[in-house]
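> Here the working numbering is used: the first residue of the sequence shown is 49, the next is one more, and so on.
All C-beta atoms in this analysis are idealised placements derived from N, C-alpha and C, irrespective of residue type, glycine included.
Keep in mind the model is a prediction, meaning the values are calculated, not measured.
Below are the structure tokens for one structure; questions will follow.
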Amino acid sequence: MDIKSEYESKFVSVDEAVKVVRSDDVVHYGEFMMASHVLDEALAKRKDELNGVVINTVCCPFTPQTVINDPERKHFIYNDWHFSGASRKLHDKNLCNYISLTYHEAPSFFERGYVPVDVAMIKVTPPDKHGYVNLGTSNSMTHAMCDAARIVIAEVNDSVPRCLGGSREALHVSEIDYFVQGDNRPLLQLPKVPISDIDRTIAKIVLEQIEDGACLQLGIGAMPNAVGEMIAQSDLKNLGVHTEMLVDSFVDMYDAGRITGVRKQIDKGKMVYTFAMGTNKLYDFLNNNPSCASYPVDYTNDPDTICQNDKVVCVNNALEVDLYGQVASESSGMRQISGTGGQLDFIYGSYKSKGGKGLICLTSTYVDKEGKLQSRIKPFLTPGSTVTVPRSINYYVITEYGIAMLKGKSTWQRAEALINIAHPDLREELIKEADAQKIWVRSSKIS
């Protein structure tokens, strides 16, 4: 059978496709912007026919209809490997659970059978003349998940950009069991996050750590966006990109001539990433662009891959850091906010990189529900908060008051360095707490 005939023979209606799901199956949705609302809505209609179906996803940007239709979780149990805003709200209502993950290990979970997959539901481009559909903006763990699945269903969507590899950015028609026609709805766009004056102050400190020829990884949020904006306006030269997430600011840096990738040691000239989220500016930039290379996450986020490039500078946000240097970036107390993601991967990988720097960035304070100013540099993490980066791995911490380098520091030296970049009005209390924990030595720097 030729490719065109094979492709057409596998087309079924959406309702017909989801009939393959059985009670107690494990269904895996697509990742990030490539999650299929079309297949989710069809599966939700089968609620009363099914029991105990486990649905796993990665940062699904919308609230699934399967969850809306089953608020008592009798028919569908929903889990997320990295919380989106939608998953966070569902978690608050006890309608979503988190799957713990060090991101670069994700494909191995499927390969080793730790995570069974009965049905994979993904979103793809139409096939090219060679019979390959493209996974679009989410390479990540998608191919490994499809390899492990009993049945693969793909929604075909003409709005999906064809994101070049790299590797494993595509599936052959023969690897997919059923195709359904989507509504060609454009990919969801991330709303623009306002950049505050404090974000810009932190970004200026970050910019001082970046040299010509550095290889960049930026996380999500206003502060990394501010860094990208400032780099685009700077005179930095020949920057490279090896990142987990590709965002709009990389387009701005590329268009400004800051990114060439010519000084990279691996993937020279390529902007390497594992998933992309942003606006149409980013999606249009990615479409058939040979300067970009999509890879699975066990390549992009493997510390042993990251460190093969020199001068890797990774920039990531955090919720709080304690005086020992432990970083909480994914939960606030017992409330899951996001996930470990690639922060641990890149902080460790950047340290192993020749001339590399791993930067944890956060505002020094926040205002609590009672309107009181609270420090993000804390004597100890909020009870229940998850340690995203252990103190032994943490490298640099930056607030609007400066930068603290923690490698090789004793407990009292760490406490002193971190208190030095805490809000001035809150330092005395932190000193008292440090003293009570026996991690304070009176010094000439703070009295």
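Using the Cα positions of P338 and K316, report the straight-line distance between them to the nearest angstrom.
Residue 338 sits at position 290 when you count from the first residue of the sequence shown. Residue 316 sits at position 268 when you count from the first residue of the sequence shown. Near 12 angstroms, if we compare the C-alpha coordinates of K316 and P338.
> Please report the residue range of the alpha helix (DSSP H) in which A251 lies.
Translated into positions along the sequence shown, residue 251 becomes position 203. Here the alpha helix (DSSP H) through A251 covers D245 to L255.
> Which same chain residues end up closer than 7 angstroms to S492 when comparing Cβ atoms and leaving out the 5 residues on each side of it in sequence?
Start at 1 with the first residue of the sequence shown, and residue 492 comes out as number 444. With a pLDDT of only 43 at S492, under the threshold of 50, the placement of this residue in the model should not be trusted; the figure read from the coordinates follows. Taken in chain order, the list of residues that qualify is empty.
> Please look up how many angstroms separate the CB atoms of S412 and I425, rounded, as I've assumed it's under 8 angstroms.
For the purposes of this step, residue 412 is taken as residue 364 along the sequence shown, with counting starting at 1. For the purposes of this step, residue 425 is taken as residue 377 along the sequence shown, with counting starting at 1. About 7 angstroms; that satisfies the 8 angstroms criterion.
> State buried or exposed for P12, treating a residue as buried only when at least 16 other CB atoms are found within 10 Å of its CB.
The question about residue 12 has no answer, for the chain in this structure spans 49 to 495.
> Are the Cβ atoms of P197 and D166 separated by less than 8 angstroms?
Sequence index remark: in the sequence shown, residue 197 carries index 149 (1-based). Sequence index remark: in the sequence shown, residue 166 carries index 118 (1-based). Position check: residue 197 holds Ala in this sequence, whereas Pro was assumed. Yes. Within cutoff.
> May I have the straight-line CA-CA distance separating A134 from M49, to the nearest angstrom?
Counted from its first residue, the sequence shown places residue 134 at position 86. Counted from its first residue, the sequence shown places residue 49 at position 1. Their backbone Cα atoms lie some 43 angstroms apart in a straight line.
> Go ahead and pull the three-state DSSP assignment for Y162.
As a position in the sequence shown, residue 162 is number 114, starting the count at 1. Three-state DSSP puts Y162 in coil, outside helix and strand.
> With DSSP as the reference, please indicate the residues paired to S380 in a beta bridge.
To locate residue 380, count along the sequence shown from 1; it is residue 332. DSSP output for S380 lists R383 as bridge partner(s).
> Spatial neighbours of S495 within its chain, please: CB distance less than 8 angstroms, with the 5 preceding and 5 following residues excluded, ordered by chain position.
If you number the sequence shown from 1, residue 495 lands on position 447. With a pLDDT of 44 at S495, under the threshold of 50, the modelled position of that residue is not reliable, and the figure given next carries that caveat. Taken in chain order, the list of residues that qualify is empty.
> Pop quiz: M301 and L287 are said to be a contact at Cβ under 8 angstroms. What is the actual Cβ separation, rounded to whole angstroms?
To locate residue 301, count along the sequence shown from 1; it is residue 253. To locate residue 287, count along the sequence shown from 1; it is residue 239. Yes, they are in contact, since the Cβ atoms of M301 and L287 sit about 7 angstroms apart, within 8 angstroms.
> Just to confirm the assignment, what range does the beta strand (DSSP E) spanning S423 have?
Numbered from its first residue, the sequence shown carries residue 423 at position 375. The continuous beta strand (DSSP E) containing S423 extends over residues L421 to S423.
> By alpha-carbon positions, which one of R94, F59, L87 and T105 ends up nearest to M193?
By 1-based counting over the sequence shown, the position of residue 193 is 145. Cα-wise, what sits closest to M193 is T105.
> Locate the beta strand (DSSP E) running through S342, then write down its first and last residues.
As a working mapping, residue 342 is identified with position 294 in the sequence shown. Unbroken beta strand (DSSP E) run through S342: C340 to S342.
> Need the endpoints of the alpha helix (DSSP H) that I446 sits in, please.
If you number the sequence shown from 1, residue 446 lands on position 398. Premise fails: I446 lies in the beta strand (DSSP E), Y444 to T447, not in any alpha helix (DSSP H).
> Thinking C-beta only, is V86 closer than 8 angstroms to V228?
Along the sequence shown, read from residue 1 onward, the residue named residue 228 stands at position 180. Along the sequence shown, read from residue 1 onward, the residue named residue 86 stands at position 38. Yes. Within cutoff.
> Given a threshold of 16 other Cβ atoms within 10 Å of its Cβ, counted over all protein chains shown, does H178 qualify as buried or as exposed?
As a first step, residue 178 is located in the sequence shown; it is residue number 130 there, counting from the start. Counting C-beta atoms within 10 angstroms of its own C-beta, H178 has fewer than 16 neighbours from the protein chains shown and is therefore classed as exposed.
> Along the chain, where does the beta strand (DSSP E) containing H504 start, and where does it finish?
Residue 504 falls outside the range modelled here, since the chain spans only 49 to 495, and no answer is possible.
> Let me know the secondary structure DSSP gives E368 once reduced to three states.
Against the sequence shown, residue 368 aligns to sequence position 320. Note: E368 maps to strand in three-state DSSP.
> Just grab the DSSP bridge partners of S188 for me.
Locating residue 188 in the sequence shown gives position 140, where the first residue counts as 1. P344, per the DSSP bridge assignment.
> Apart from the five residues just before and just after D63, which ones in its own chain have a Cβ nearer than 6 angstroms to its Cβ?
Position 15 of the sequence shown, counting from 1, holds the residue named residue 63. Cβ neighbours of D63 beyond the five flanking positions: A90.
> Let me know the secondary structure DSSP gives A134 once reduced to three states.
Taking the first residue of the sequence shown as position 1, residue 134 is located at position 86. Note: A134 maps to helix in three-state DSSP.
> Pull up the distance between the alpha-carbon of A341 and that of K318, whole angstroms please.
Within the sequence shown, residue 341 is the residue found at index 293, counting from 1. Within the sequence shown, residue 318 is the residue found at index 270, counting from 1. So the two alpha carbons sit approximately 6 angstroms from each other.
> Determine, using beta-carbon pairs with one atom in the region 474-483 and one in the region 430-446, whether at least three such pairs fall under 8 angstroms.
no
> Hey, could you find the ends of the beta strand (DSSP E) M271 is sitting in?
Reading the sequence shown from its first residue, position 223 is the one you call residue 271. Unbroken run through M271 is the alpha helix (DSSP H), A270 to A280; no beta strand (DSSP E).
> Check F428 in the structure and name its three-state DSSP category.
By 1-based counting over the sequence shown, the position of residue 428 is 380. Coil.
> For a test of the three-state rule: what should DSSP assign to L87, helix, strand or coil?
By one-based count along the sequence shown, residue 87 stands at place 39. DSSP places L87 in helix when its eight states are reduced to three.
> Taking only the alpha-carbon atoms, compute the straight-line gap between N468 and G406 and give it to the nearest angstrom.
Along the sequence shown, one-based indexing puts residue 468 at 420. Along the sequence shown, one-based indexing puts residue 406 at 358. Approximately 19 angstroms between the Cα atoms of the pair.
> Considering N286, what are the terminal residues of the beta strand (DSSP E) in which it resides?
Position 238 of the sequence shown, counted from the first residue, corresponds to residue 286. It is not in any beta strand (DSSP E) - N286 carries neither H nor E in the DSSP assignment.
> Using C-beta distances below 6 angstroms, list every residue in its chain close to G174, excluding the 5 sequence neighbours before and after it, in chain order.
Residue 174 sits at position 126 when you count from the first residue of the sequence shown. It should be noted that the sequence gives Pro, not Gly, for residue 174. For P174, where only same-chain residues beyond five positions count, the Cβ hits under 6 angstroms are V204.
> Can you grab the Cα-Cα spacing for the pair V241 / R233, in whole Å?
To locate residue 241, count along the sequence shown from 1; it is residue 193. To locate residue 233, count along the sequence shown from 1; it is residue 185. Roughly 23 angstroms separates the two Cα atoms.
> Here's the rule I'm using: 16 or more other beta-carbon atoms within 10 Å means buried, otherwise exposed. How should H220 be labelled?
If you number the sequence shown from 1, residue 220 lands on position 172. By the beta-carbon neighbour count (other beta carbons within 10 angstroms, threshold 16), H220 is exposed.
> Under 8 angstroms, do S401 and D358 count as touching if we go by C-beta distance?
One-based indexing of the sequence shown puts residue 401 at position 353. One-based indexing of the sequence shown puts residue 358 at position 310. Yes, they are a contact pair.
> Tell me whether D483 sits in a helix, a strand or coil according to DSSP, three-state version.
Mapped onto the sequence shown, residue 483 falls at position 435. D483 falls in the helix class under three-state DSSP.
> Considering only the beta carbon of each residue, do P344 and T322 sit closer than 8 angstroms?
In the sequence shown, counting from the first residue as 1, residue 344 sits at position 296. In the sequence shown, counting from the first residue as 1, residue 322 sits at position 274. Closer than 8 angstroms, so yes.
> Count Cβ pairs between the region 303-312 and the region 263-282 that sit closer than 8 angstroms; are there 3 or more?
yes
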